[in-house]
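Please read the structure below before turning to the comments.
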Amino acid sequence: MTNPSEATPNFRYGAPLAADIERKWQSFWDDNGTFNAPNPVGALATEGKLPENKLFVQDMFPFPSGAGLHVGHPLGYIATDVFARFNRMQGKNVLHTLGYDAFGLPAEQYAIQTGTHPRIKTQESIDNMERQLGRLGLGHDKRRSVATTDTEYYKWTQWIFLQIFNAWFDEEQQKARPIAELISELESGARQTKDGRDYNELTKVEKAEAIDEFRLVYRSRSMVNWCPGLGTVLANEEVTADGKSERGNFPVFRKQLSQWMMRITAYSDRLIDDLEYLDWPEKVKSMQRNWIGRSRGAEVDFLSPAGPLTVFTTRPDTLFGATYMVLAPEHELVDALTAPTYADDVDPRWTNGAATPAEAVAAYRAAIAAKSDLERQENKQKTGVFLGTYAVNPVTGGEVPIFIADYVLTGYGTGAIMSVPAHDTRDYEFAKVFGLPIVEVVKGGNIEVEAFTESGEAVNSANDSLDINGLGKTEAIAATIEWLTAEGKGTEKIQYKLRDWLFARQRYWGEPFPVVYDAEGIAHALPESMLPIELPEVADYKPVAFDPEDADSEPQPPLAKATEWVNVELDLGDGLQTYTRDTNVMPQWAGSSWYQLRYIDPVNDEKFCDLENERYWTGPQFDGDCGGVDLYVGGVEHAVLHLLYSRFWHKVLFDLGHVTSFEPYRRLYNQGYIQAFAYTDSRGVYVPAAEVEEKDGKFFYQGEEVTQEYGKMGKSLKNSVSPDEICDNYGADTLRVYEMAMGPLDTSRPWATKDVIGAHRFLQRLWRLAVSEDDGSLIVSDAALNTDDLKALHRTVAGVTEDYQELRLNTVVAKLIEYVNYLTKAYNGGAPRAAIEPLVIMLAPIAPHIAEELWSRLGNTGSLTYVDFPGFDEKYLVDDEIELPVQVNGKVRGRIMVATDASQDAVVAAALEAVASHVADKTVVKQIVVPGRMVNLVVK
1 MTNPSEATPN FRYGAPLAAD IERKWQSFWD DNGTFNAPNP VGALATEGKL
51 PENKLFVQDM FPFPSGAGLH VGHPLGYIAT DVFARFNRMQ GKNVLHTLGY
101 DAFGLPAEQY AIQTGTHPRI KTQESIDNME RQLGRLGLGH DKRRSVATTD
151 TEYYKWTQWI FLQIFNAWFD EEQQKARPIA ELISELESGA RQTKDGRDYN
201 ELTKVEKAEA IDEFRLVYRS RSMVNWCPGL GTVLANEEVT ADGKSERGNF
251 PVFRKQLSQW MMRITAYSDR LIDDLEYLDW PEKVKSMQRN WIGRSRGAEV
301 DFLSPAGPLT VFTTRPDTLF GATYMVLAPE HELVDALTAP TYADDVDPRW
351 TNGAATPAEA VAAYRAAIAA KSDLERQENK QKTGVFLGTY AVNPVTGGEV
401 PIFIADYVLT GYGTGAIMSV PAHDTRDYEF AKVFGLPIVE VVKGGNIEVE
451 AFTESGEAVN SANDSLDING LGKTEAIAAT IEWLTAEGKG TEKIQYKLRD
501 WLFARQRYWG EPFPVVYDAE GIAHALPESM LPIELPEVAD YKPVAFDPED
551 ADSEPQPPLA KATEWVNVEL DLGDGLQTYT RDTNVMPQWA GSSWYQLRYI
601 DPVNDEKFCD LENERYWTGP QFDGDCGGVD LYVGGVEHAV LHLLYSRFWH
651 KVLFDLGHVT SFEPYRRLYN QGYIQAFAYT DSRGVYVPAA EVEEKDGKFF
701 YQGEEVTQEY GKMGKSLKNS VSPDEICDNY GADTLRVYEM AMGPLDTSRP
751 WATKDVIGAH RFLQRLWRLA VSEDDGSLIV SDAALNTDDL KALHRTVAGV
801 TEDYQELRLN TVVAKLIEYV NYLTKAYNGG APRAAIEPLV IMLAPIAPHI
851 AEELWSRLGN TGSLTYVDFP GFDEKYLVDD EIELPVQVNG KVRGRIMVAT
901 DASQDAVVAA ALEAVASHVA DKTVVKQIVV PGRMVNLVVK
């Protein structure tokens, strides 16, 4: 039997030849700095004027996972590389690089388990990822690559933190200003403190507290997600819907702690309004608008035994239907409103079986401590307890009972709501459970069955001085707000769902805060000259061990163990004093909130980014332009948090004059995912997909039948395919072609290793058009192109040019395959040079290694990276002749070829000739010619 490898021609394009070609050209690119993009000024500048036609392409920051990449990870990276390469051929100065978002809990967890420094594992992961991505031939400017864990990078992360810490938001000017200007205004009396006290009469501590009430970074006792099992506070996005930590699945408890906060809420209006400047998917814009949650309504005061209970409502017109109130269990007035005893006639459903309101409140708070905000909001089963006290409805004068319930959060509005069960679904469900009154105040629906939440006329809504009956929603709201304001019972209010950003983690592996505290607890920003504040060495990286179920435990960060580092003597202008450092670290979001700016100026040791370089790469390009990165590609999962945080940091930097653009990312593109089949055994446990065998339509793993499902590729589903495997078996260009051809870039698509061979065979056909498989010689001819060749070429150029520009990369591949198939059929071997050279250029963005090799073998020198992309002639895009179907009495009986400018008479004559046998001995009573489409002859 013949060995297949022995029968393979020596110079056929296969995995071994592809590997040689890829190593050769990757070395050439590295040695020649092919993808290095020059800056206007600084270490990366070049002589001469830079092209005004520039392009900044950026991928979302990858986290260097120790598990390595699967074939789903490079999808976006290949696409941006293709787009960047195409635009270099269009004459643009393209900045494209890739760094690493390297701080994070996984590396720290590994360090805790093994005792190795997190930096070691992090660097190993970065090295492995660079190796894997390096095989793909991505055209990155490697001089610009950064990692958030580099001290020279996080020095500037700390510097930006100080800019924000030393700034405040002037609501009149709607911008951030230096804190020194605020202090001057407070000292001169031009501005009042938040509580109206004279700033000059305050003590040192009181002055610091007064200033902190303005700062964009401040410390606050706030409700946080405390995870004893991990020994740290978690962000909302790190908590699952069932109240567990995303990593480790430990219980998470809601707890009040003193934490650093960033006043992102000051920018709520700008963050919403400036979305109009962005070329982003509308879905992402909607997600940001909803997350910020701007709504107009009224703040209304209900009198209670503890004073006014203020609620925010977008529907003040429904006040006449407010039959009870609900407070968040954490509301500051809950304890003051909790009665000593219940009245004898209290409904037992309201007490949850407790003897006193205090017992009921304590038991209820303990029961919900582990619930996440998401779980509380989505919980269908309504629970709560009565506080034993009542408030007064301001429009009816009637008493309404006060409850606490977990579906009300301190994070939105005032943490207290007026409940109108007839017209709010959650209130309706609560009222049904607790037997509370349901009063219709908006006409429509059937409140015996469900809440009516649509607009309608007001009913049952009048008192001695306010009557809104018969009014529509808009008019009723306006009238009610006017009455509340006149009566001193409420005011018009704009409210937001967005909360200030919790900006601290009780971990080791993160950026230290450039802040120290004096003996009186006042926070002092360290001077820029002391940056970076580097992480100290610690004996171990473990947080203090806690019982995972201990909701009453308190965080004790690992950095607290480095006592020599924590306690430090410094002269900050008042002589040498002893200070203590902050033992929290910044969240992982910090480093990823500004990295596009460091890409611009990565080796500048004097500035985080020179303003002239920033202006060139991301500055506004015309009046009304927001500026920013020209193309930002990544998954939709970052639609809110990362993008919102980045926008906030960038706007502060803009206000303070450090950047010229007021948005970080001008255009956003969300790529889809690569999905794959996964398999579970009888226990529901995922098994390695690569080891599953199919027999007679069923699937087996180690002899046991397993169940097939479909999902996102990843290690959790054990259905990953390594890009190394595909590169080894077919070459990197084949992987690039296959991933781009799988489907539209913005949709998810299924991976099938067996289909990769199709992309490989396409490259083999391309190779055979120019190179002999027998001896490797060049076999192109110098023959001139005929008309059909020119049409095929120019139509391909026109099509792929537009598709490249619009990121329709799957159709680029389809058009190139069609052109290669045409040339293969037309020439059955070596094709004309005039047909091959533009083909190689068109293919280069997607399959750069084979394109470079063919370009070289065609006799060209250097790289084709900056070779002009082919143009096309419009005349070849229009057919001289067209084919038309000919119908007789509505049925196609023949086809004709006619000139595109043929007269109607000529078309009819040709049609009659083509279907002569079908019209013989008949009379043509009607001739219908649809230009460019068809001919229909009606005969009798």
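Going by the UniProt record's numbering, the sequence shown opens with residue 1, and the numbers climb by one from there.
Ideal Cβ positions, reconstructed from N, Cα and C, are used throughout, including at glycine.
- Contact between the stretch 577-585 and the stretch 501-521 is present: 3 or more CB-CB pairs across the two stretches fall below 8 Å.
- In the three-state DSSP reduction, residue 215 falls in the strand class (E or B).
- Looking at the backbone, the Cα of residue 649 and that of residue 878 are separated by about 52 Å.
- Boundaries of the beta strand (DSSP E) harbouring residue 634: 631-634, taken from the DSSP string.
- The DSSP-derived three-state label of residue 179 is helix.
- The residue among 8, 15, 11, 9 with its C-alpha nearest the C-alpha of residue 724 is 15.
- In this structure, residue 323 sits near residue 439, with a CB-CB distance shorter than 8 Å.
- Residue burial is scored here from C-beta neighbours: residue 60 has at least 16 other C-beta atoms within 10 angstroms and is therefore classed as buried.
- In this structure, DSSP gives residue 594 a state outside helix and strand, which the three-state scheme calls coil.
- Within the stretch 197-265, the complete beta strand (DSSP E) segments at least 3 residues long are 217-227, 232-234, 253-262, listed from N- to C-terminus.
- Within the stretch 315-354, the runs of alpha helix (DSSP H) at least 4 residues long that lie entirely inside it are, in chain order, 334-337.
- When secondary structure is reduced to three states using DSSP, residue 371 falls in the coil class, being assigned neither helix nor strand.
- CA-CA distance, residue 297 to residue 492, rounds to 6 Å.
- For residue 159, same chain residues with a beta-carbon under 7 Å away, outside a window of 5 residues either side, are 528, 531, 608 in chain order.
- Residue range 881-888 is occupied by the beta strand (DSSP E) that includes residue 884.
- Using a 10 angstroms sphere on the CB of residue 335, the tally of other CB atoms stays under 16, which defines it as exposed.
- Residue 662 has its alpha-carbon roughly 40 Å from the corresponding atom of residue 852.
- Non-local beta-carbon contacts of residue 166 in its own chain, meaning distances under 7 Å to residues more than five positions away in sequence, involve 178, 179, 525 in chain order.
- Restricted to the stretch 30-113, the beta strand (DSSP E) segments that are unbroken, complete and at least 3 residues in length are 54-59, 93-96, listed in chain order.
- Along the stretch 770-853, the alpha helix (DSSP H) occurs as fully enclosed runs of 4 or more residues at 787-805, 809-827, 833-843, listed in sequence order.
- The stretch 787-802 and the stretch 756-768 do not touch, with fewer than 3 CB-CB distances between them shorter than 8 Å.
- Membership of residue 131 in any beta strand (DSSP E) is not indicated; the residue belongs instead to the alpha helix (DSSP H) covering 118-134.
- Judged by pairs of C-beta atoms under 8 Å, the stretch 730-750 touches the stretch 73-84, as three or more such pairs exist.
- Per the coordinates, the alpha-carbon of residue 542 lies some 29 Å from the alpha-carbon of residue 638.
- Per DSSP, the continuous beta strand (DSSP E) segment holding residue 577 begins and ends at 576-581.
- Pairing residue 406 with residue 329 gives a Cβ-Cβ distance under 8 Å.
- Taking the Cα of residue 52 as reference, the smallest distance to any Cα among 58, 831, 40 is reached at 40.
- Boundaries of the alpha helix (DSSP H) harbouring residue 289: 282-292, taken from the DSSP string.
- Between the beta-carbon of residue 163 and that of residue 659 there is about 11 Å, and that puts the pair past the 8 Å contact cut.
- Less than 8 Å divides the Cβ of residue 291 from the Cβ of residue 640.
- When the Cα atoms are used, residue 42 and residue 72 turn out to be separated by approximately 37 Å.
- Non-local beta-carbon contacts of residue 565 in its own chain, meaning distances under 6 Å to residues more than five positions away in sequence, involve 536 in chain order.
- In the three-state reduction of the DSSP assignment, residue 416 falls in the strand class.
- By a beta-carbon distance limit of 8 Å, residue 577 does not contact residue 500. Their separation comes to about 30 Å.
- Bounds of the beta strand (DSSP E) holding residue 402 are 399-404.
- For the set 866, 680, 899, the Cα lying nearest the Cα of residue 880 is the one of 899.
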